[in-house]
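Enquirer: Chains as they are written, first to last, in the working numbering: chain A, 514 to 680; chain B, 514 to 680.
Let me begin by handing over the structure; questions about it come next.
Number of protein chains: 2
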Amino acid sequence: MNADPCVESIINNIRRVFQAFNDYSKRANMETGLTGPQLWAIKMISENGPLRVSDLASLLFVRPGTVVGILDRLEKKGLVSRVRSQQDRREVMIELSPTGRELVSTAPGVIQGSLVRGLETMAKEDLQAIDASMTRLVAILGVQHVSPLLIRGHADIVRGKGELPEC
Amino acid sequence: MNADPCVESIINNIRRVFQAFNDYSKRANMETGLTGPQLWAIKMISENGPLRVSDLASLLFVRPGTVVGILDRLEKKGLVSRVRSQQDRREVMIELSPTGRELVSTAPGVIQGSLVRGLETMAKEDLQAIDASMTRLVAILGVQHVSPLLIRGHADIVRGKGELPEC
DNA sequence: ACAAATTAGTTTCTATGCAAATCATTCATA
DNA sequence: TATGAATGATTTGCATAGAAACTAATTTGT
Numbered sequence: 514m515n516a517d518p519c520v521e522s523i524i525n526n527i528r529r530v531f532q533a534f535n536d537y538s539k540r541a542n543m544e545t546g547l548t549g550p551q552l553w554a555i556k557m558i559s560e561n562g563p564l565r566v567s568d569l570a571s572l573l574f575v576r577p578g579t580v581v582g583i584l585d586r587l588e589k590k591g592l593v594s595r596v597r598s599q600q601d602r603r604e605v606m607i608e609l610s611p612t613g614r615e616l617v618s619t620a621p622g623v624i625q626g627s628l629v630r631g632l633e634t635m636a637k638e639d640l641q642a643i644d645a646s647m648t649r650l651v652a653i654l655g656v657q658h659v660s661p662l663l664i665r666g667h668a669d670i671v672r673g674k675g676e677l678p679e680c
Numbered sequence: 514m515n516a517d518p519c520v521e522s523i524i525n526n527i528r529r530v531f532q533a534f535n536d537y538s539k540r541a542n543m544e545t546g547l548t549g550p551q552l553w554a555i556k557m558i559s560e561n562g563p564l565r566v567s568d569l570a571s572l573l574f575v576r577p578g579t580v581v582g583i584l585d586r587l588e589k590k591g592l593v594s595r596v597r598s599q600q601d602r603r604e605v606m607i608e609l610s611p612t613g614r615e616l617v618s619t620a621p622g623v624i625q626g627s628l629v630r631g632l633e634t635m636a637k638e639d640l641q642a643i644d645a646s647m648t649r650l651v652a653i654l655g656v657q658h659v660s661p662l663l664i665r666g667h668a669d670i671v672r673g674k675g676e677l678p679e680c
């Protein structure tokens, strides 16, 4: 049915990566009581200062509606806080609470997660090969329509890094 | 925070592939009224004859509990049927209904999905490079504990293809 | 043969994730 | 300026996805 066994293999591998990603999200990082998306969100908020909900969604490559749920749970845990913007009362600025900042400063390795630790054991050229292939894959899949790359954010956001840098 | 920009880039790309996968699942294939996992399940059942629930879970790289939900929805649509095995009454054999077989035979391209069609436009060596990188990634992520690769299935199952073939 | 362990499928609970609809606010334009 | 369009966050409904608990059936150990 599939002429090319490579295609079949790639799709199976994508599903496996899915699975592994979920595993990391559940098992490994449940040590902190936080899921993968929750940890990733905290990391992004920590690095990119106060953020609007939609900007955080862009950074996480998900829709705003998805972020709302994640933020609800993080807020219930007391790790982030929502503040209505004064300039534009439609916007909601997200920032880490003192507890959240403490979590980041005391356990940065946990925030990274074992996925990052696993990747960091690899040789530089292997990482580049993988990244190149993933980038190709993303290009084929045509994901460019998502993630407007956060051009105008809040004042504190330091942009210009770009999302597909020199790697 | 992340020493290696490659690691950051790879993880972002993984999230993007996630997103693209979901997009294909929703948009492109909603033409048939079936989601990506549902289409993939039908394809696997179609190719691997009557299957046990846990065997199908292995092929899809998900847990049995997840497959139950997918099967519930496919059964409600009248595309598959569940039959209790006579030999071992714990097992439930899954097979395509006549309607399901008709769907596969009349619209094989739809079953493939636009993801496969996109990949098939690529050059052979590019596919191999991507597949190699994905395989490396899977190895790092250590997904081997999942998917026992369906060693013993039902009588009709033609095994020996393996899951990571000659590609 | 009978109790204990194992296996297979299901159920329940929680967490993403998306689309579409909704609500409030701001912007644009006539 | 007032009305309509656009924007930002949220809500609702549905579909994965995993963990843990549960049920039924089979296998194993004694």
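Positions of the beta carbon are idealized from the N, C-alpha and C atoms, including for glycine.
Give a yes or no on contact between the region 522-534 of chain A and the region 638-654 of chain B, applying the rule of three or more CB pairs nearer than 8 angstroms.
Expert: The region 522-534 of chain A vs the region 638-654 of chain B: in contact.
Enquirer: Which chain B residues sit within Cβ distance under 8 angstroms of residue 639(A)?
Expert: Here residue 639(A) corresponds to residue number 126 of the first sequence, with the count starting at 1. By Cβ distance, chain B contributes 649.
Enquirer: Is residue 732(A) helix, strand or coil by DSSP?
Expert: Lying outside 514 to 680, the shown extent of chain A, residue 732(A) is not represented and no answer is given.
Enquirer: Check the C-beta distance from residue 574(A) over to residue 532(B) and give it rounded, since I have them as a contact under 8 angstroms.
Expert: Translated into the one-based positions of the first sequence, residue 574(A) becomes position 61. Translated into the one-based positions of the second sequence, residue 532(B) becomes position 19. Residue 574(A) to residue 532(B), Cβ: 5 angstroms. Contact.
Enquirer: With a Cβ-Cβ cutoff of 8 angstroms, do residue 584(B) and residue 609(B) count as a contact?
Expert: Residue mapping note: residue 584(B) aligns to position 71 of the second sequence, counting from 1. Residue mapping note: residue 609(B) aligns to position 96 of the second sequence, counting from 1. For residue 584(B) and residue 609(B), no; Cβs fall outside 8 angstroms.
Enquirer: Note down, one range per segment and in chain order, each beta strand (DSSP E) of at least 3 residues found wholly within the region 559-644 of chain B.
Expert: 593-597 and 605-609, all fully within the region 559-644 of chain B.
Enquirer: Please confirm whether residue 573(B) has its beta-carbon closer than 8 angstroms to some beta-carbon of chain A.
Expert: As a first step, residue 573(B) is located in the second sequence; it is residue number 60 there, counting from the start. So yes, residue 573(B) belongs to the interface.
Enquirer: Please state the DSSP three-state secondary structure of residue 536(B).
Expert: Within the second sequence, residue 536(B) is the residue found at index 23, counting from 1. In the structure shown, residue 536(B) sits in a helix (DSSP, three-state: H, G or I).
Enquirer: Whose C-beta lies closer than 6 angstroms to the C-beta of residue 474(B) among residues of the same chain, with five residues either side of it excluded?
Expert: The question about residue 474(B) has no answer here: the residues shown for chain B are numbered 514 through 680.
Enquirer: With a threshold of 7 angstroms on Cβ separation, who are the neighbours of residue 612(A) within its own chain once the five nearest residues in sequence on each side are excluded?
Expert: Indexing the first sequence from 1 puts residue 612(A) at position 99. Cβ neighbours of residue 612(A) beyond the five flanking positions: 591 and 592.
Enquirer: Closest to residue 614(A) by C-alpha separation, out of 563(A), 567(A), 580(A) and 631(A), would be which residue?
Expert: Translated into positions along the first sequence, residue 614(A) becomes position 101. Comparing Cα-Cα distances from residue 614(A) to each of 563(A), 567(A), 580(A) and 631(A), the minimum goes to 563(A).
Enquirer: If residue 635(B) and residue 653(A) are in contact, beta carbons under 8 angstroms, what's the gap, nearest whole angstrom?
Expert: Within the second sequence, numbered from 1, the residue matching residue 635(B) stands at position 122. Within the first sequence, numbered from 1, the residue matching residue 653(A) stands at position 140. Their Cβ separation, rounded to whole angstroms, is 7 angstroms, which keeps residue 635(B) and residue 653(A) in contact under 8 angstroms.
Enquirer: Anything in the region 575-588 of chain B with a Cβ closer than 8 angstroms to a Cβ of chain A? List those residues in chain order, please.
Expert: Listed in sequence order: 575.
Enquirer: Return the CA-CA distance between residue 602(B) and residue 566(A), expressed in angstroms with no decimal places.
Expert: On the second sequence, residue 602(B) is found 89 positions in, with the first residue counted as 1. On the first sequence, residue 566(A) is found 53 positions in, with the first residue counted as 1. Approximately 51 angstroms, taken between the alpha carbons.
Enquirer: Using a Cβ-Cβ cutoff of 8 angstroms, what residues of the region 523-538 of chain A are near chain B? List them in chain order.
Expert: Of all residues in the region 523-538 of chain A, 523, 524, 525, 526, 527, 528, 529, 530, 531, 532, 533, 534, 536 and 537 have a Cβ within less than 8 angstroms of some Cβ in chain B.
Enquirer: Going along chain B, which residues have a C-beta under 8 angstroms from residue 520(A)?
Expert: Walking along the first sequence from the start, residue 520(A) turns up at place 7. 629, 632, 633 and 640, listed in chain order.
Enquirer: Please decide whether residue 567(B) counts as near chain A, where near means a Cβ-Cβ distance under 8 angstroms.
Expert: The residue given as residue 567(B) occupies position 54 in the second sequence. No, its Cβ sits nowhere closer than 8 angstroms to a Cβ of chain A.
Enquirer: Comparing the C-beta of residue 517(A) with each C-beta of chain B, is any distance below 8 angstroms?
Expert: Here residue 517(A) refers to the residue found at position 4 when the first sequence is read from its first residue. Closer than 8 angstroms to some Cβ of chain B, the Cβ of residue 517(A) qualifies, so yes.
Enquirer: Which residues of chain B have a Cβ atom closer than 8 angstroms to the Cβ of residue 618(A), listed in chain order?
Expert: In the first sequence, residue 618(A) corresponds to position 105, counting from 1. The contacting residues do not exist; residue 618(A) stays about 11 angstroms from chain B at best.
Enquirer: Whole angstroms is fine: what's the gap from residue 558(A)'s alpha carbon to residue 629(B)'s?
Expert: Along the first sequence, read from residue 1 onward, the residue named residue 558(A) stands at position 45. Along the second sequence, read from residue 1 onward, the residue named residue 629(B) stands at position 116. Distance between the alpha carbons of residue 558(A) and residue 629(B): 36 angstroms.
Enquirer: Helix, strand or coil, according to DSSP, for residue 548(A) in the structure here?
Expert: Looking up residue 548(A) in the first sequence gives position 35. Reduced to three states, the DSSP call for residue 548(A) is coil.
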